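Colleague: Starting off with a structure, shown below.
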């Protein structure tokens, strides 16, 4: 099992009021799954993503990643987890604006202490995988939204993480560009990556193979998507 | 992440924000520059004071004839004092222990002519010992020697200023000049001297470059004072064997002179070395003030770094969040910001050193105030600026590292 969450709680204190953001979450995700986590805003899906992404730790319960209990790790170990096992893709890309695509993609490897030459080679390969080998020296401001998101995906892929964690990856893009990004995720999934997609759009969630609905901090439903529908959707996009 | 990598990240950060980096540096630049410039002014003042007293001789005691109006002069002479005389010099040399050499000089202000040129000059009749006691440097030729003195020769040594007025760029050696109504042969030219711009004790300020030296014997034979009541010599310079005997010897000299002048106070005794010590003491407070101002400006520079770094951390919250999300540890963020602060202070320090050095050079160039840059002041200013940078860069760096990655990545 890649990810195993057992009876997880997350509480926040906001203005002296205790808020239960997540309640009694139990969840298992296997290698090479493609999961969409859905829910309206305030449902707790972002909190869940932060915990899955090792940006935050649970108040109670266990989060096992590759059988390591993340909730007991210190800050440096959490940084190392984020660096090696988690590839983030954000809604607003979160690239360093003044740096080239190549530099942005190299950055995780830099923090992993990988040598310059190897770093460059791997970053170029990752950019090639997302179809941006022509744009390595461009800064984010010189790229379109779709291209920026591809750079961000290349950055997420470059350290060969255990999971790709995409938070509303198409939220800042138009439908056509969004579909292209979703096709890219589909391809990456077929290449063996585990993908967790956080979204509030059913259209986007339909690309995944399993959908988890979160409501009021609890898992409301957890069902596999119809593989026939998914394939139809993909082939319709590809043929277009 | 490796140290070298950290430096690269920090430098990228600085280069990508040139203007901001420059603003941050300004405080350090001016701090370092002002430390160097101020210390160089202090040092320059010290050196020119020492040079001034060296001209008068640090082991010398100078007895100077007082200037009186005609009526005062008559009054003094009526009380039996003949004023400063060769006899005084002789007595001092024979009676006072610890005296190494004694030189008398008589002075007269008159016109000097050569061809169609003329100059106002002070003619100084001296004894050959003079050159052994005072800091005299010749540009050309030789000084008045024993032979000139004994044979009453009509030879003279010109001050640099007189020489220039009378001869321009021609070589004056061996030429004749007309002093008053006497012809003298030029045997030497003095090196140009810094002007005495201020009064030393009771020695009036004057331009030594207009002096002309002649043997005292010749002077006595060839020139007459316009007022017969004037003293025989105007100055007696006494060289003491060691400088810690100066006070003792000067007391003895005062005693001898008092007796010989029948308690008439018609001379003054100046001890350059004592004046130098006194002046140095007075300058201490001034140096301290200069140093304090400079230190404060460096401190303000450091606070400037802290301010801008703190603002930078706010502005760069997103960047910090992104770096943390992709795996930067707290220490990575911390060292990035500390390295930036250090790089800023080192760069600012270097620019400050350059600015400070050129500042003190141009102070001398424009205002004639002497400055002297000592190497230690450069290191002091530079080292202090780096220290300031590190200490004031630390707090913002710590703040940056302690931001929560989830909060900072959503920061707009």
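Chains as they are written, first to last, in the numbering used here: chain A, 1208 to 1447; chain B, 448 to 859. Backbone N, C-alpha and C define an ideal beta-carbon position, used for all residues, glycine too. Remember, predicted model here, so these are calculated numbers, not experimental data.
#1: With contact counted as at least three CB pairs below 8 Å, one residue from each stretch, are the segment 515-532 of chain B and the segment 625-633 of chain B in contact?
#2: How about residue 748 of chain B and residue 469 of chain B: do their beta carbons lie closer than 8 Å?
#3: For the segment 452-472 of chain B, enumerate the residues whose C-beta is nearer than 7 Å to any C-beta of chain A, in chain order.
#4: Within the 8 Å Cβ cut-off, does residue 1315 of chain A reach chain B?
#5: At a Cβ cut of 9 Å, what residues of the segment 755-787 of chain B count as close to chain A, listed as they run along the chain?
#6: So the candidates are A:1371, A:1389 and A:1368; which of them puts its Cα closest to the Cα of residue 1377 of chain A?
#7: Of all Cβ atoms in chain A, is any one closer than 8 Å to the Cβ of residue 853 of chain B?
#8: Is the segment 1329-1345 of chain A close to the segment 1294-1308 of chain A, with three or more CB pairs under 8 Å?
#9: Could you tell me the distance, in whole angstroms, from the CA atom of residue 714 of chain B to the CA atom of residue 485 of chain B?
#10: At least one CB of chain A closer than 8 Å to the CB of residue 856 of chain B: is that the case?
#11: State the Cα-Cα distance for the pair residue 662 of chain B and residue 803 of chain B, rounded to the nearest angstrom.
#12: Would you mind sorting residue 1246 of chain A into buried or exposed? The rule is 16 or more other CB atoms within 10 Å of its CB.
#13: Determine whether the beta carbon atoms of residue 1319 of chain A and residue 1366 of chain A lie at a separation below 8 Å.
#14: Ignoring anything shorter than 4 residues or poking outside the segment 556-643 of chain B, list the alpha helix (DSSP H) runs there in chain order.
#15: Taking the continuous beta strand (DSSP E) assigned at residue 1272 of chain A, which residues delimit it?
#16: Please report the straight-line C-alpha distance between residue 782 of chain B and residue 723 of chain B, rounded to a whole angstrom.
#17: What does DSSP give as the partner residues of residue 685 of chain B in its beta bridges?
#18: To the nearest angstrom, report how far apart residue 672 of chain B and residue 638 of chain B are at their CA atoms.
#19: What do you reckon, are the CB atoms on residue 740 of chain B and residue 549 of chain B nearer than 8 Å?
#20: Should residue 1272 of chain A and residue 1324 of chain A be called a contact, given that it needs their Cβ atoms to be closer than 8 Å?
#21: Going along chain B, which residues have a C-beta under 8 Å from residue 1301 of chain A?
#22: Report all residues from its chain with a CB closer than 6 Å to the CB of residue 1154 of chain A; omit the five preceding and five following residues, and keep chain order.
#23: Under DSSP, the beta strand (DSSP E) around residue 1374 of chain A begins and ends at which residues?
#24: Spatial neighbours of residue 1265 of chain A within its chain, please: C-beta separation below 7 Å, excluding the five flanking residues on both sides.
#25: Tell me which residue opens and which closes the alpha helix (DSSP H) that residue 1417 of chain A is part of.
#26: With DSSP as the reference, label residue 1338 of chain A as helix, strand or coil.
#27: Quick one: is residue 658 of chain B buried, meaning 16 or more other Cβ sit within 10 Å of its Cβ, or exposed?
#28: Name the one or two DSSP bridge partners that residue 1148 of chain A has.
#29: For residue 392 of chain B, which three-state DSSP category applies?
#30: Specify, as a first and last residue, the run of the beta strand (DSSP E) that residue 1426 of chain A falls within.
#31: I need the DSSP call for residue 1393 of chain A, collapsed to helix, strand or coil.
#32: Relative to chain B, which residues along the segment 1259-1285 of chain A have a C-beta separation below 7 Å, given in chain order?
#33: Please work out which residues of its chain come closer than 7 Å, Cβ to Cβ, to residue 703 of chain B, disregarding the five sequence neighbours upstream and downstream, and give them in chain order.
#34: Listed from N- to C-terminal order along the chain, which residues in the segment 1352-1366 of chain A have their beta-carbon within a distance smaller than 9 Å of any beta-carbon of chain B?
#35: Hey, residue 1327 of chain A and residue 1349 of chain A: beta-carbon distance below 8 Å or not?
Modeller: For this structure:
#1: No: the two stretches stay apart, fewer than three of their Cβ pairs being nearer than 8 Å.
#2: no
#3: 452 and 463
#4: yes
#5: 765, 766, 768, 769, 770, 771, 772, 773, 774, 775, 776, 777, 778 and 779
#6: A:1389
#7: Yes, residue 853 of chain B counts as interfacial toward chain A.
#8: yes
#9: 40 Å
#10: yes
#11: 49 Å
#12: buried
#13: yes
#14: 577-580, 593-597 and 607-614
#15: 1267-1272
#16: 52 Å
#17: According to DSSP, residue 685 of chain B bridges with B:508 and B:549.
#18: 29 Å
#19: no
#20: no
#21: 765, 768, 769, 772 and 856
#22: The shown model of chain A, from 1208 to 1447, leaves out residue 1154 of chain A, and the question about it has no answer.
#23: First-last of the beta strand (DSSP E) with residue 1374 of chain A: 1370-1374.
#24: 1215, 1216, 1217, 1258 and 1278
#25: Note, residue 1417 of chain A: premise wrong, no alpha helix (DSSP H); beta strand (DSSP E) at 1417-1422.
#26: coil
#27: buried
#28: Summary: the structure shown does not reach residue 1148 of chain A, with chain A confined to residues 1208 through 1447, and so no result is reported for it.
#29: Past the edges of chain B, shown from 448 to 859, lies residue 392 of chain B, and the structure says nothing about it.
#30: 1425-1431
#31: helix
#32: 1262, 1263, 1282 and 1283
#33: 538, 539, 542 and 543
#34: Within the segment 1352-1366 of chain A, the qualifying residues are 1362, 1363 and 1366.
#35: no
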